[in-house]
Amino acid sequence: EDQVTQSPEALRLQEGESSSLNCSYTVSGLRGLFWYRQDPGKGPEFLFTLYSAGEEKEKERLKATLTKKESFLHITAPKPEDSATYLCAVQAGEYGNKLVFGAGTILRVKS
Amino acid sequence: DAGVIQSPRHEVTEMGQEVTLRCKPISGHDYLFWYRQTMMRGLELLIYFNNNVPIDDSGMPEDRFSAKMPNASFSTLKIQPSEPRDSAVYFCASRPPGRVGTQYFGPGTRLLVL
Numbered sequence: 001e002d003q004v005t006q007s008p009e010a011l012r013l014q015e016g017e018s019s020s021l022n023c024s025y026t027v028s029g030l031r032g033l034f035w036y037r038q039d040p041g042k043g044p045e046f047l048f049t050l051y052s053a054g055e056e057k058e059k060e061r062l063k064a065t066l067t068k069k070e071s072f073l074h075i076t077a078p079k080p081e082d083s084a085t086y087l088c089a090v091q092a093g094e095y096g097n098k099l100v101f102g103a104g105t106i107l108r109v110k111s
Numbered sequence: 001d002a003g004v005i006q007s008p009r010h011e012v013t014e015m016g017q018e019v020t021l022r023c024k025p026i027s028g029h030d031y032l033f034w035y036r037q038t039m040m041r042g043l044e045l046l047i048y049f050n051n052n053v054p055i056d057d058s059g060m061p062e063d064r065f066s067a068k069m070p071n072a073s074f075s076t077l078k079i080q081p082s083e084p085r086d087s088a089v090y091f092c093a094s095r096p097p098g099r100v101g102t103q104y105f106g107p108g109t110r111l112l113v114l
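Chains as they are written, first to last, in the working numbering: chain A, 1 to 111; chain B, 1 to 114.
Structure follows, in structure tokens:
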């Protein structure tokens, strides 16, 4: 069964303090890994797609990387507006149309 | 683009009552997903449709749950009868053709069953 584990559960950073979030996965053949951001009271919002080990994607202060066993979301010099829950998901199901989500990492950035 | 629209945004009901959640996907999207989110279980896929046809309902917890998509612009998720353990945030998401993994989520319906 496809599984996604995210760590840490919660992370508190000072503004400007860079860090990384981890997403480890167990799948029978990775087809795609996705990062989403969820703000309180809202639905998840798509950030990145990664398909193969070594691939990297960047958006503003965020960079997502992928290895054969895990993905990292690196946050460089975060700002308070980066505070959110970050969810990782893997493509799953017979036809690859389903997403299996991890529990998420709650990020709080203090000014 | 208005995004995915869900209604109601909040629903409080009593155990045993029927609950109907509604979703309008983004125009042109051919996949529609229903999710449930709780603190204990996270974000779980309940069912998904492709071109209005249910493809996988293996995540639907019990026969009390049912979902329909009568046309490309409307879907419902019904719980009958509702139970306190159904309390959660229910999200609808839609996906454009060929964009696996890129799902656009609605704002969710927060359901509380007393």
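For each residue, glycine too, the CB sits at the ideal point set by N, CA and C. It should be emphasised that the depicted structure is a prediction, and the values quoted were computed from it without experimental measurement.
Asked: Test item: CB-CB of B/LEU114 and B/GLU44 under 8 Å; Found: no
Asked: Rounded separation between A/GLY96 and A/GLN14 - CA only; Found: 38 Å
Asked: Contact set for A/THR76: own chain, Cβ-Cβ below 6 Å, skip 5 residues either direction; Found: SER18 and ARG61
Asked: Assigned exposure category for A/ALA84 - 16 Cβ within 10 Å defines buried; Found: buried
Asked: Status (buried if at least 16 other CB within 10 Å, exposed otherwise) for A/TYR51; Found: exposed
Asked: Start-end ranges of the alpha helix (DSSP H) lying completely within the segment 39–97 of chain A, minimum 4 residues; Found: none
Asked: Nonlocal neighbours in the same chain, by C-beta distance under 8 Å from A/ASP108, ignoring five residues either side; Found: Going by the sequence as given, residue 108 of chain A is Arg instead of Asp. Once the five neighbours on either side are set aside, the close Cβ partners of A/ARG108 are ALA10, LEU11, ARG12, LEU13 and SER83.
Asked: Closer than 9 Å at the beta carbon, the chain A residues around B/TYR117; Found: For chain B, the structure presents residues 1 to 114; residue 117 of chain B sits outside this window and is missing.
Asked: Test: A/THR85 CB closer than 8 Å to a CB of chain B; Found: no
Asked: Within 8 Å of chain A by C-beta, residues of the segment 54–76 of chain B in sequence order; Found: ILE55 and ASP56
Asked: Alpha carbon of B/LEU32 to alpha carbon of A/LEU99, nearest angstrom; Found: 12 Å
Asked: Rounded straight-line distance, which links the Cα of B/SER82 to that of A/LYS63; Found: 42 Å
Asked: Per-residue burial, B/ALA2 [other beta carbons within 10 Å of its own, 16 or more giving buried]; Found: exposed
Asked: Contact list for A/GLN91 against chain B, beta-carbon separation under 7 Å; Found: VAL100 and GLY101
Asked: Length of the line joining the Cα atoms of A/LYS42 and A/GLU56; Found: 27 Å
Asked: B/PRO107 at chain A interface by Cβ criterion, 8 Å; Found: yes
Asked: Host beta strand (DSSP E) of B/VAL100 (start-end); Found: Counting along the chain, B/VAL100 falls outside any beta strand (DSSP E), and DSSP gives it neither H nor E.
Asked: Nearest residue (CA-CA) to A/PRO78, options A/GLY104, A/GLY54, A/LYS59 and A/GLU45; Found: A/LYS59
Asked: For A/TYR25 and A/GLU81, believed in contact at Cβ under 8 Å, the rounded distance; Found: That belief does not hold up - the Cβ atoms of A/GLU81 and A/TYR25 are roughly 28 Å apart, past 8 Å.
Asked: Within 8 Å, strictly: CB atoms of B/GLN6 and B/ARG22; Found: yes
Asked: Residue from B/TYR35, B/GLY108 and B/VAL53 whose Cα sits closest to the Cα of B/MET60; Found: B/TYR35
Asked: Beta-ladder partner(s) of B/ASN71, from DSSP; Found: B/PHE74
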